[in-house]
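Accompanying notes for the structure given below.
In this note's numbering, the protein residues as written are 16 to 133.
In structure tokens form, the structure reads like this:
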């Protein structure tokens, strides 16, 4: 069984050609899906009307401005972080704090934007 020797330059050339072919195919598939502009679709959608928003519950515990808030995967708990360096986990149904307070060093422009995974 004879093996065909391929030079490194030939392999690189072949890979570049294959990459260009795949890129062209991908652009063609995207063009097929891009058949209408967003503003054209938005013009056909009825207006939502006026929203009436009101406060349901107030979570108290941060000593400074809240920087970030996100829901946990269980859709019951909320995590919030503030300028005072506290990260608080809340039970959104009861408005109670869950677990301990977590403290971190807040530097200028630093915002905690990740929710608990559990």
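Beta carbons are placed, not taken as given, at the ideal position from N, Cα and C, and that holds for glycine. Since the structure is predicted, the reported quantities are computational estimates derived from the model, not experimental observations.
Residue 94: buried (16+ other C-beta within 10 angstroms of its C-beta) or exposed? For the purposes of this step, residue 94 is taken as the residue at position 79 of the chain shown. So residue 94 counts as buried.
Is residue 87 near residue 96, with beta carbons less than 8 Å apart? Numbered from 1 along the chain shown, position 72 holds the residue referred to as residue 87. Numbered from 1 along the chain shown, position 81 holds the residue referred to as residue 96. A distance of 8 Å or more separates the beta carbons of residue 87 and residue 96.
Buried/exposed call for residue 45, threshold 16 Cβ in 10 Å: The residue given as residue 45 occupies position 30 in the chain shown. Answer is exposed; the Cβ neighbour count stays below 16.
Quick check: what's the CA-CA separation for residue 43 versus residue 33? The residue labelled residue 43 in the question sits at position 28 within the chain shown. The residue labelled residue 33 in the question sits at position 18 within the chain shown. The C-alpha of residue 43 lies about 15 Å from the C-alpha of residue 33.
If contacts are defined as beta-carbon pairs under 8 Å, then residue 77 and residue 106 qualify, I think. What distance do you get, rounded to the angstrom? Position 62 of the chain shown holds residue 77. Position 91 of the chain shown holds residue 106. About 16 Å separates the two Cβ atoms, so there is no contact after all.
Sort 101, 91, 90 by Cα distance to residue 79 and report the nearest one. Reading the chain shown from its first residue, position 64 is the one you call residue 79. For residue 79, the closest of 101, 91, 90 by C-alpha to C-alpha distance is 101.
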